[in-house]
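Asks: Numbering (this note's numbering), first residue to last: 1099 to 1232.
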Amino acid sequence: MTDAAPLDRVLGLLRAIESGAGSAALEPFLAEDYVLTEAPHLLDPAGSTRTREQVLAAADRSGEVVIGQHFDVRRTTCEEDRVAVEAEWSAVLQLDLPLWDKGETIRARTASVFELRDGLIVSQHSYDCYYTPE
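Now the structure itself:
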């Protein structure tokens, strides 16, 4: 548990992701029963639901896929223990993907809704729109 405001906790999680430090950086923000739900998007047309353990394991492997992750937070909305964040996300690819090559910057407009309990994030619903700049 923490005394930090819900928005501070969520922004802390985003900064931890940006750090590239893996699961050790993310663990302090996530409740044991944390669940990430991603709506269908270009890279995962079926969408997905992942547990805390799956998210932490992916964080430890993320450097194999991207480096230099950055969230440019555009807008936030808070209501008690619910935080909504709109952001521009970018990262440099470490492998080829269908629409991007290794070394290119991949970008997405994101909207995520976080629920917190006792200062920890228990759920995240993300809606990502990947795009290529013109």
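Glycine residues also receive a C-beta, built at the ideal position from the N, C-alpha and C atoms. Quantities reported herein were computed from a predicted structural model and do not represent experimental measurements.
By the three-class DSSP mapping on this structure, what secondary structure does A1123 have?
Replies: helix
Asks: Going along the chain, which residues of its own chain have a beta-carbon closer than 6 angstroms to the beta-carbon of T1100, five neighbours each way excluded?
Replies: Here T1100 scores only 47 on pLDDT, less than 50, and its place in the model should not be relied on; the value that follows carries that caveat. Around T1100: G1217.
Asks: Could you spell out where the alpha helix (DSSP H) holding E1151 opens and where it closes?
Replies: 1150 to 1159
Asks: Looking at the secondary structure, which residues open and close the beta strand (DSSP E) in which E1116 lies?
Replies: Premise fails: E1116 lies in the alpha helix (DSSP H), 1104 to 1117, not in any beta strand (DSSP E).
Asks: Run through the DSSP bridge pairs and tell me what Y1225 is partnered with.
Replies: A1209
Asks: Could you give the residue range of the beta strand (DSSP E) that holds E1184?
Replies: 1180 to 1191
Asks: Using the C-alpha atoms, what's the distance from S1117 back to F1169?
Replies: Rounded to the nearest angstrom, the two C-alpha atoms are 11 angstroms apart.
Asks: Just tell me which of L1195, V1153, A1206, T1149 has its CA closest to the CA of R1172.
Replies: A1206
Asks: Drop a sphere of 10 angstroms on the beta-carbon of P1196, count the other beta-carbons inside from all chains shown, and report buried for 16 or more, exposed for fewer.
Replies: exposed
Asks: Taking just the CA atoms, how far does D1199 sit from Q1152?
Replies: 26 angstroms
Asks: Rounded to whole angstroms, what is the Cα-Cα separation between V1183 and I1204?
Replies: For V1183 and I1204, the distance between alpha carbons rounds to 19 angstroms.
Asks: Measuring straight from C-alpha to C-alpha, what distance separates V1108 and V1181?
Replies: 7 angstroms
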